[in-house]
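Residues in the sequence shown are numbered from 0 upward in steps of one, following numbering that gives the first Met the number 0.
Here a beta-carbon is modelled for each residue, glycine too, at the ideal position from N, C-alpha and C.
Remember, predicted model here, so these are calculated numbers, not experimental data.
Data block below; observations after.
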Amino acid sequence: MGIFDAQGRHQRLTGSRADSPMLEALHEIAPVGTSLAPASVWTRLREFTPARIGVAPTGVSQPTGDHLDFQWDHAQARDAVGSPLDTESLQAGLAELGLETIRLHSEAADRSEYIQRPDLGRRLSAPSLGLLADQPKNWDIVFVIADGLSATAANRHSAPLLQAVLPTLRQSDWRIGPAVLVQQGRVAVGDAVAEALRADMVVVLIGERPGLTTPDSLGVYLTWQAHAATADSQRNCLSNIRPEGLPYPIAAARLLYLMQESRRRQLSGVLLKEEADLSSLEHSPQAAL
């Protein structure tokens, strides 16, 4: 079976149907040995991705509907970058999960300065450091929620992900510190939090740079024994956490594996590889939630 590319050349599809839902779908709509017209291919493949694939031109332009869809997605991405961290709603949601919260701010005074001065987003303001100095110390784990480049992602997905993670930690008697909400924060701001609270591990939940179909992608960064000189190579990262990307149950399982191994081996980053077997979870109905 094959398809035609944009220049009309025939391309043969290869690979295992069992390993590829897209190949399986194409085999359903065309018998082996036949070729598919481009319209049939793109219509079926669009069921598997929100990306703009197979957009047919109208003369030298995009169709009006596709152009308007592009403008809408672009506006959502821009709004995500400029959106504020909803500390009130996050605090209420985390309270329902049994977490106390601390509100902090980076050295970036506002969104404009945050975008132009990444270094300021990596450091806590002096009042925030003073506030941490009065907090209880010596925790196994502290969670930090920061806006990053998409507060939309942090607002939507932080609490649901923590809801999937916290029961296992509590069953294992982890000492969980207060959740720290940082406005105008970048990944490294978690290092200052961990150092001030003397936490063995910090997990930063942060909004990732939005794409045209992914304005609310959440990233998670885990660091063992974080400090001011921590390098990015000493962190572990999970990306694209959202129902349409890496679903909460799978993200939680991967994060818990990394946390447990990091604690056991007392390290993180390039020396810590994720080797959890999540095959049964990935094919379960809960993985799509």
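Here's the rule: buried if 16 or more other CB atoms are within 10 angstroms of the residue's CB, otherwise exposed. What is residue i?
i: L67; result: exposed
i: I289; result: With the chain running from 0 to 288 in the structure shown, residue 289 is simply not present.
i: R8; result: For R8, the pLDDT reaches just 43, beneath the cut-off of 50, and the residue's location in the model is therefore unreliable, although a value from the coordinates is still provided. R8 comes out exposed.
i: H156; result: buried
i: G97; result: exposed
i: T151; result: buried
i: W138; result: buried
i: W71; result: exposed
i: F47; result: exposed
i: R169; result: exposed
i: V179; result: buried
i: A287; result: Because A287 carries a pLDDT of 46, less than 50, the predicted location of this residue cannot be relied on, and the following value inherits that uncertainty. When all chains shown are included, A287 counts as exposed.
i: P248; result: buried
i: L270; result: exposed
i: P284; result: Unreliable placement is indicated for P284, whose pLDDT of 49 sits below 50; the coordinate value is still reported in the next sentence. Exposed, because fewer than 16 other Cβ atoms sit within 10 Å of the Cβ of P284.
i: A74; result: exposed
i: V59; result: exposed
i: D146; result: buried
i: P56; result: exposed
i: A79; result: buried
i: R185; result: buried
i: S171; result: exposed
i: T229; result: buried
i: P135; result: exposed
i: R241; result: buried
i: A50; result: exposed
i: I2; result: For I2, the predicted model reports a pLDDT of 43, less than 50, meaning its position is unreliable; a value from the coordinates is still stated below. I2 is buried by the Cβ-count criterion.
i: Q10; result: Confidence at Q10 is low in this model, with a pLDDT of 46, below 50, so its placement is unreliable and no value can be given for it.
i: E95; result: exposed
i: Q6; result: Because Q6 carries a pLDDT of 45, less than 50, the predicted location of this residue cannot be relied on, and the following value inherits that uncertainty. Q6 is exposed by the Cβ-count criterion.
i: D4; result: Only weak support is given to the placement of D4: the predicted model assigns it a pLDDT of 42, under 50, and the value that follows is read from those uncertain coordinates. With fewer than 16 Cβ atoms within 10 Å of its Cβ, D4 is classed as exposed.
i: P159; result: buried
For residue i, write down the residues that DSSP places opposite it in a beta bridge.
i: F142; result: V202
i: S105; result: L123
i: V60; result: Rather than Val, the amino acid found at residue 60 in this sequence is Ser. T57.
i: N235; result: L221
i: Q182; result: H104
i: L245; result: I240
i: I175; result: I140
Given a cut-off of 8 Å on the beta-carbon distance, is the pair residue i and residue j in contact?
i: T100; j: P177; result: yes
i: L119; j: S105; result: yes
i: A107; j: R116; result: yes
i: W223; j: D199; result: yes
i: L89; j: I140; result: no
i: R110; j: V188; result: no
i: I205; j: A153; result: yes
i: L131; j: L217; result: no
i: L266; j: L254; result: no
i: S149; j: D231; result: no
i: L221; j: N235; result: yes
i: L103; j: V181; result: yes
i: E273; j: A227; result: no
i: Y113; j: Q183; result: yes
Assuming residue i contacts residue j (C-beta within less than 8 Å), just tell me the rounded distance between them.
i: V219; j: V202; result: 6 Å
i: A225; j: Y256; result: Actually they are not in contact, since the Cβ atoms of A225 and Y256 sit about 19 Å apart, beyond 8 Å.
Using a Cβ-Cβ distance cut-off of 8 Å, determine whether residue i contacts chain B.
i: A74; result: Absent here is chain B; the protein component of the structure consists of one chain.
Cβ contact (3+ pairs, closer than 8 Å) linking the segment 162-175 and the segment 206-216: no
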